[in-house]
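J.:
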Amino acid sequence: MTDLTPTSTESDIDGFDVPIAFIIFNRPDVTRRTFGAIAARRPRKLFLISDGPRPNCLGEADKVMQTRAIAQRVNWPCEVFTNFSEVNMGCKRRVSSGISWVFETTDRAIILEDDCLPAPSFFSYCREMLTIYERDKRVFSISGSNFSDKTTQCGHSFSRYSLMWGWATWADRWSGYVLDPKDNFSVLLRTWWNRPIVLIYWLLIFRNLAAGKIDTWDYQWILAVWRDNALACRPSHNLVENLGFGADATHTFNADSPLAVLKTSETADSFAVCLTPIEPDKSLEYFDEQRWAQINIRSVLLMTFPWLNRVRASLRALVA
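Position one of the sequence shown corresponds to residue 3 (the working numbering), numbered consecutively onward.
As structure tokens, then:
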């Protein structure tokens, strides 16, 4: 096992040298906090991506403009690129097209959404991983989240699950992304999973996605990783706090979720790493499955079996 000394601090005097893509929408408060973390690292290149307001949401246009203004308060030497939509494209098309736009200009990037608050060392961690695994196509994605309480001797491990609450990747990996996949999901998933409950869960996800029932972009990225038989790099402890749980969220509504209180566990601005075998950490994946199920399983079942909504309504009427 070879120790690697972080290279992050020497060059940062002139600004952080990995481009950062910041995806924003209509939440000034969380945007302000996450932008503060980005500003502290003074990136040399900043890509700002914003969807347009929804026409039926009163007051949203003002919030969108406030949010964009916050993200443009750049007071350090920096190239700022903006991709602001005047119409509402929706989560699926706005985020995916924005990331594709970023990779028209750069070969690697760190990607943060407005509600993903990174620890200081998140940036160093992403840069180290992007450098170490740049030419190793077994690694597709660099995730900043760790849902488990498991730590490793090295600063990172690997998982078949790519988590996108603060992450990074390369342009050549993103080129395999397909917004509307037409894969034979059953065959593809069986090459990865042999546990029936996991197989069924993901089969339902991707079938609902193909049927247009899910307006999101991130499951397609997970699928791109699996399609290439690749893995995601994961930190040994959590480096990103999700600020977005609550009633105004797009997907993470449950403020009582265990992931809503998952904090970052350190404040150092460097991240020491060592080489580790590129193979899935099964215990880490177990935690991922438990946590994602807590967030998604109800919505997945209701999408797949609409009659469950009628059953729920009837049960509520009985106990009312």
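We put the beta carbon where it would ideally sit given N, CA and C, even for glycine.
All values reported here derive from a predicted model rather than from experimental measurement.
Please determine, among A121, T36 and V104, the residue with the shortest C-alpha to C-alpha distance to D237.
T.: The sequence position of residue 237 within the sequence shown is 235, counting from 1. The sequence shown places Pro at residue 237, not Asp. Of A121, T36 and V104, the residue nearest in Cα terms is A121.
J.: State the start and end residues of the unbroken beta strand (DSSP E) segment that holds N159.
T.: As a first step, residue 159 is located in the sequence shown; it is residue number 157 there, counting from the start. Sequence check: residue 159 is Ser here, not Asn. Note, S159: beta strand (DSSP E), H158 to S161.
J.: Once the 5 residues before and after C59 are set aside, which same chain residues still bring their CB inside 7 Å of it?
T.: As a first step, residue 59 must be located in the sequence shown, where it is residue number 57. Contacts found: none.
J.: In this structure, does DSSP put E106 in helix, strand or coil?
T.: Your numbering for residue 106 matches position 104 in the sequence shown. In this structure, E106 counts as coil in the three-state DSSP scheme.
J.: Sort T218, V66, L205 and K65 by Cα distance to L190 and report the nearest one.
T.: For this step, residue 190 is matched to residue 188 along the sequence shown. Ranking the options by Cα distance to L190, first place goes to L205.
J.: Is E325 helix, strand or coil when you go by DSSP?
T.: Past the edges of the chain, shown from 3 to 322, lies residue 325, and the structure says nothing about it.
J.: Taking CB distances under 8 Å as the criterion, tell me whether N58 reaches chain C.
T.: Reference to chain C is not applicable here, since this structure consists of a single protein chain.
J.: Measure the alpha-carbon distance for D16 versus F24 and round it to whole angstroms.
T.: Reading the sequence shown from its first residue, position 14 is the one you call residue 16. Reading the sequence shown from its first residue, position 22 is the one you call residue 24. Roughly 20 Å separates the two Cα atoms.
J.: Going straight from the alpha carbon of D19 to that of R46, what length do you get?
T.: On the sequence shown, position 17 is the one that residue 19 refers to. On the sequence shown, position 44 is the one that residue 46 refers to. For the pair D19 and R46, the Cα-to-Cα distance works out to about 6 Å.
J.: Among the candidates G54, F289, N85 and Q68, whose CA atom is the shortest distance from the CA of T107?
T.: Counting from 1 along the sequence shown, the entry for residue 107 is found at position 105. For T107, the nearest C-alpha among the options comes from N85.
J.: Can you tell me whether V82 is buried or exposed, with buried defined as 16 or more other CB within 10 angstroms of its CB?
T.: Within the sequence shown, numbered from 1, the residue matching residue 82 stands at position 80. By the neighbour-count rule (16 or more Cβ atoms within 10 Å), V82 is not buried but exposed.
J.: Report all residues from its chain with a CB closer than 8 Å to the CB of A212; omit the five preceding and five following residues, and keep chain order.
T.: As a position in the sequence shown, residue 212 is number 210, starting the count at 1. The residues are D182, P183, K184 and F187.
J.: Under DSSP, the beta strand (DSSP E) around C235 begins and ends at which residues?
T.: Within the sequence shown, numbered from 1, the residue matching residue 235 stands at position 233. L233 to P237 is the extent of the beta strand (DSSP E) around C235.
J.: Determine the direct distance from the alpha carbon of D283 to that of Q292, and round the result to whole angstroms.
T.: Along the sequence shown, one-based indexing puts residue 292 at 290. Along the sequence shown, one-based indexing puts residue 283 at 281. The alpha-carbon atoms of Q292 and D283 are separated by roughly 15 Å.
J.: In this structure, what does DSSP give as the bridge partners for P45?
T.: Mapped onto the sequence shown, residue 45 falls at position 43. P45 pairs with F18.
J.: Comparing C-alpha positions only, which one of C128, D116 and N240 sits nearest to C93?
T.: In the sequence shown, residue 93 corresponds to position 91, counting from 1. Minimum Cα distance to C93 is reached at D116.
J.: What does the Cβ neighbour count give for R96, buried or exposed, with the cut at 16 atoms within 10 Å?
T.: Here residue 96 corresponds to residue number 94 of the sequence shown, with the count starting at 1. Result: buried.
J.: With distances taken Cα to Cα, identify the nearest neighbour of R110 among F142, L119, P79 and S87.
T.: Here residue 110 corresponds to residue number 108 of the sequence shown, with the count starting at 1. With distances taken between Cα atoms, R110 lies closest to F142.
J.: Run through the DSSP bridge pairs and tell me what P120 is partnered with.
T.: Within the sequence shown, residue 120 is the residue found at index 118, counting from 1. DSSP output for P120 lists V242 as bridge partner(s).
J.: Cα-Cα, which of C80, I51 and F124 is closest to N90?
T.: Stepping through the sequence shown from its first residue, residue 90 is reached at position 88. The residue from C80, I51 and F124 with its alpha-carbon nearest to that of N90 is I51.
J.: Which class does F125 belong to by DSSP, given the choice of helix, strand or coil?
T.: The count along the sequence shown starts at 1 and reaches residue 125 at position 123. F125: helix per DSSP, three-state reduction.
J.: Quick check on this structure: which residue in G246, L241, Y288 and C276 has the alpha carbon closest to the alpha carbon of R162?
T.: Walking along the sequence shown from the start, residue 162 turns up at place 160. The shortest Cα separation from R162 among G246, L241, Y288 and C276 belongs to Y288.
J.: By DSSP, does C76 sit in helix, in strand, or in coil?
T.: Start at 1 with the first residue of the sequence shown, and residue 76 comes out as number 74. Cys is not the amino acid found at residue 76; the sequence shown has Val there. Correct three-state label for V76: coil.
J.: On the three-pair Cβ rule with 8 Å, is the stretch 62-81 touching the stretch 28-48?
T.: Yes, the stretch 62-81 touches the stretch 28-48.
J.: Could you give the first and the last residue of the continuous alpha helix (DSSP H) run that contains A173?
T.: For the purposes of this step, residue 173 is taken as residue 171 along the sequence shown, with counting starting at 1. Counting along the chain, the unbroken alpha helix (DSSP H) around A173 starts and ends at A173 to W176.
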